[in-house]
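Residue numbers (the numbering used here): 2 to 167.
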Ligand code: S3P
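Written out as structure tokens, the structure is:
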């Protein structure tokens, strides 16, 4: 199947961009991130899109961006944390190498702090993280060919584990 060599999924703040860039370097391929594509296309931040247009509109934009990137990019591709909410997107990931970077809720709260830059976590980070993870964990797992627990590991260690598993 053409398309990305590796797709990274997992919650926001888990280190998809850092690990993704490390992987791309090690594999000598390009790195692409659908959040960056969306910001470039829309010429506004993700937070602005959420505030101005709402989450549903963001998800529609995201769905298109993921489809496009899967068709165009042949390196390492990182998806926004909520991209797997969409069933069609999950379907498009079937048969691909998908690495799920996982972390537990406490680690997520520590890493993202108050989550001000992330619209989904602005109110009560711990509770929202728990709900988010409970809802999404099965979806991440359903698309993943490799799962790497990132808790207590450096991005380099996570990248190495992912590489060894590919
Ligand atoms: C989101 C994750 C973010 C971004 C948006 C929504 C989510 O991407 O797409 O804020 O629903 O988990 P990152 O996972 O790259 O931070």
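Just so it is clear, CB atoms sit at the ideal spot from N, CA and C, and this is done for glycine as well.
- In the structure shown, the three-state DSSP call for residue 98 is coil.
- Residue 67 sits close to residue 80, with the two beta carbons spaced by under 7 Å.
- Between the alpha carbons of residue 144 and residue 53 lies a distance of about 31 Å.
- Under the 8 Å Cβ criterion, the stretch 93-113 counts as touching the stretch 123-140, having at least three qualifying pairs.
- Exposed is the label assigned to residue 139, since fewer than 16 other Cβ atoms lie within 10 Å of its Cβ.
- Annotated three-state conformation of residue 44 is coil, per DSSP.
- Residue 16 has its Cβ no nearer than 6 Å to any heavy atom of the ligand S3P.
- In this structure, DSSP gives residue 144 a helical state, which the three-state scheme calls helix.
- At least 7 Å separates the beta-carbon of residue 77 from that of residue 141.
- Relative to the Cα of residue 146, the nearest Cα in the group 97, 134, 25 belongs to 97.
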